[in-house]
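Input: a single structure, listed below in structure tokens.
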Amino acid sequence: MLKSVSLCLKIIVVAGILSHASSQQSHNGVTLEAWPPATKKNPTVQDLHREYSQIFRFGNRNAASHLWSTFLLERSAQMVNIERFEFFMAGYFAVSGSPVRP
Numbered sequence: 003m004l005k006s007v008s009l010c011l012k013i014i015v016v017a018g019i020l021s022h023a024s025s026q027q028s029h030n031g032v033t034l035e036a037w038p039p040a041t042k043k044n045p046t047v048q049d050l051h052r053e054y055s056q057i058f059r060f061g062n063r064n065a066a067s068h069l070w071s072t073f074l075l076e077r078s079a080q081m082v083n084i085e086r087f088e089f090f091m092a093g094y095f096a097v098s099g100s101p102v103r104p
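In my numbering, the protein residues as written are 3 to 104.
And the structure:
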């Protein structure tokens with residue numbers, strides 16, 4: 003099951019990368035600005051953690067790991083490769099949403 007979920011995520015990201023034509027993308031009618039960590043030379047997981055206040059606008063992340071996932075999936079087309087996406091996905095605990103350092 004976990005392998006099939008991982009494969010599905012890889013397919014989504016690869017499709018997004020292949021279809022990405024500019025530094026902006028539209029999601030649900032909203033244009034997302036380029037997210038520099040998606041393409042910078044040496045990203046860190048702290049780049050993702052710095053987005054905490056944007057992702058969790060009310061400060062509470064309890065059982066809200068889906069918000070981390072949504073943030074990254076919306077920007078997946080900006081990622082330079084699948085490894086970059088996986089790197090950032092490892093930056094939070096999938097159940098609780100706690101920021102972690104892989």
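Every residue, glycine too, gets a C-beta built ideally from N, C-alpha and C.
Boundaries of the beta strand (DSSP E) around residue 32: 32-34. Looking at 85, 79, 104, 98, the one whose alpha-carbon comes closest to that of residue 36 is 79. Secondary structure remark: continuous beta strand (DSSP E) runs of at least 3 residues inside the stretch 30-86, in chain order: 32-34. Around the beta carbon of residue 96, fewer than 16 other beta carbons lie within 10 angstroms, which makes this residue exposed.
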